[in-house]
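Mapping the sequence shown onto UniProt numbering, position 29 (from 1) lands on 29, and the numbers just tick up by one. Idealized CB from N, CA, C, for every residue including glycine. Computed from a predicted structure; not experimentally measured. Comments concern the structure below.
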Amino acid sequence: MGYGIQGQGQYEKLGLELDLLVGRNNLAMVLHQRGFLKDRPEIQVLLKRAYAAAKRLGLPEALRIAQRYRQIFRKPIETVKK
């Protein structure tokens with residue numbers, strides 16, 4: 001049983017969202033490891049966006065991203081304004 005073209009588009013969009021989520025998280029971790037203070041605002045934005053996507057998609061990765069955010073910034077990610 002096929003899903004048709006419309007169904008395929010939904011799966012492709014989901015795949016792209018997952019790729020973007022992973023990419024944002026990975027870039028945030030690379031910037032954090034680099035250790036430049038000027039990167040901190042970008043790390044916050046990247047983690048916040050990755051977290052929002054993971055939460056929206058109902059992925060367990062949302063909890064791990066929130067934990068990383070708390071470790072780096074010493075505050076919960078939920079307190080960050082959108």
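Ranked by Cα distance from E78, the first of L47, P60, L21 is L47. Rounded to the nearest whole angstrom, the CA to CA distance from A50 to K13 is 16 Å.
The distance from the Cβ of A62 to that of I43 is about 17 Å, inconsistent with a contact at the 8 Å cut-off. About 6 Å separates the beta carbon of A53 from that of E17, a gap short enough to meet the 8 Å contact definition.
Distance between R64 and K55, taken at the CA atoms: about 11 Å. Between R70 and P76, the C-beta spacing is below 8 Å. If you ignore the 5 residues before and after R24, its C-beta comes within less than 6 Å of the C-beta of L46, R49, A50, all in its own chain and listed in chain order. Counting along the chain, K55 sits inside the alpha helix (DSSP H) bounded by residues 40 to 56.
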